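Asker:
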Amino acid sequence: MMADLKDKTAIVTGSSRGIGADVAKFLAAQGAAVVVNYRQKAPRANKVVAEIEAAGGQAVAVGADLTAPEGVQALVDAALSLSGSGSLDLLVLNASGGMETSMGEDYALKLNRDAQVAMLQAATAVMQPGSRVVFVTSHQAHFINQVSTMDAYEPVARSKRAGEDALREFIPELEAKGISFVVVSGDMIEGTITATLLDRAQPGAIEARRTEAGKLYSVSEFAAEVAKAATAEVPTGHTEYVGGAVGFLE
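Our numbering applies: residue 2 is where the sequence shown begins, and numbers increase by one.
1. Quick check: is the beta carbon of ALA80 nearer than 9 angstroms to any beta carbon in chain B?
2. Roughly how many whole angstroms lie between the Cα atoms of MET2 and PRO156?
3. Could you pull the start and end residues of the beta strand (DSSP E) that ILE12 belongs to?
4. Helix, strand or coil for ASP90? Go by DSSP, reduced to three states.
5. GLY19 to THR138, Cα distance in whole Å?
6. Short check: CB of VAL118 to CB of ALA167, under 9 angstroms?
7. Helix, strand or coil: how does DSSP classify PHE27 here?
8. How long is the line joining the alpha carbons of PRO130 and GLN203, rounded to whole angstroms?
9. Would DSSP call PRO130 helix, strand or coil?
10. What residues in its chain sit with their C-beta under 8 angstroms from that of GLU241, if we drop five residues either side in the sequence?
11. Tell me whether GLU165 is buried or exposed, calling it buried when 16 or more other Cβ atoms sit within 10 Å of its Cβ.
12. SER219 by DSSP, collapsed to three states: which one?
13. For GLU165, does the three-state DSSP call read helix, strand or coil?
14. How far does the beta strand (DSSP E) with SER82 in it extend, from its first residue to its last?
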């Protein structure tokens, strides 16, 4: 496993804003050259890159739709070009969605399962032993088969769980290549688009979850935990429950 991220190259999907943007900044601060991925909002991604470069880091913004094969390959190609050694060492699968009303009924499954698998396959085809894949999810999705969630979020949660299950099937293959796979699961995150949409669909839902959990992490706090998972000494297949999982593990 990577002892640090100096001279390493990382892809962070869905990193033009929110959790992904902060993860990209944290990884760059640890020495990684980072591919910042966006789907439509180039100015946001360029701002993240500018902040990384202003702090002395290295990054590039790449517009790519992960549900399209050419989008997935564009990220891998960018990482190999960005790397001084032509390598890709870390893949953070952060992009997710499905609550959008304009993307079609099957968009959640396309993005949260199919695109995750496609990204994993394309990236790990060029990753070397000692590399790592980090999949970002929520407790609400990770535990959806055991604990029900808010009605408005259930389709997304089930698609995210389907994505995690599909990715976990690759663990033996990845292990044979010396690539580790780690899942980071968090509660509802304060200030995210998902939390905002859920509270709009079901007023009071976020406050109720905050009361039950005792604390909900901010975007920056959760992103820091995702970044830590890049080099954490944990076995492949490990799930890190950020802040614990009150109401889920009991």
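Glycine is no exception: its CB is placed at the ideal position from the N, C-alpha and C atoms.
The structure presented is a predicted model; accordingly, all values stated were derived computationally and were not measured.
Answerer: If we stick to the structure as given:
1. In the structure shown, chain B does not exist; there is a single protein chain.
2. Residue confidence is low: MET2 scores 44 on pLDDT, short of 50, so the model does not pin down where it sits. Its coordinate-derived value is still stated next. Going from the Cα of MET2 to the Cα of PRO156 covers about 35 angstroms.
3. Unbroken beta strand (DSSP E) run through ILE12: 10 to 13.
4. Taken through DSSP and simplified to helix, strand or coil, ASP90 comes out as strand.
5. Distance from the CA atom of GLY19 to the CA atom of THR138, rounded to whole angstroms, is 14 angstroms.
6. Their beta carbons are under 9 angstroms apart, which means VAL118 touches ALA167 by this criterion.
7. Three-state DSSP puts PHE27 in a helix.
8. In this structure, the CA atom of PRO130 is about 45 angstroms from the CA atom of GLN203.
9. Secondary structure at PRO130: strand, using DSSP grouped into helix, strand and coil.
10. Around GLU241, the same chain offers VAL183, VAL184, VAL185, SER186, GLU226, ALA230, ALA233 and VAL235 as residues with beta carbons nearer than 8 angstroms, after the five sequence neighbours per side are excluded.
11. By the neighbour-count criterion, in which a residue is buried when 16 or more other Cβ atoms sit within 10 angstroms of its Cβ, GLU165 is buried.
12. In this structure, SER219 counts as strand in the three-state DSSP scheme.
13. Assigned with DSSP and collapsed to three states, GLU165 falls in helix.
14. According to the DSSP assignment, SER82 belongs to no beta strand (DSSP E) but to the alpha helix (DSSP H) extending over 70 to 83.
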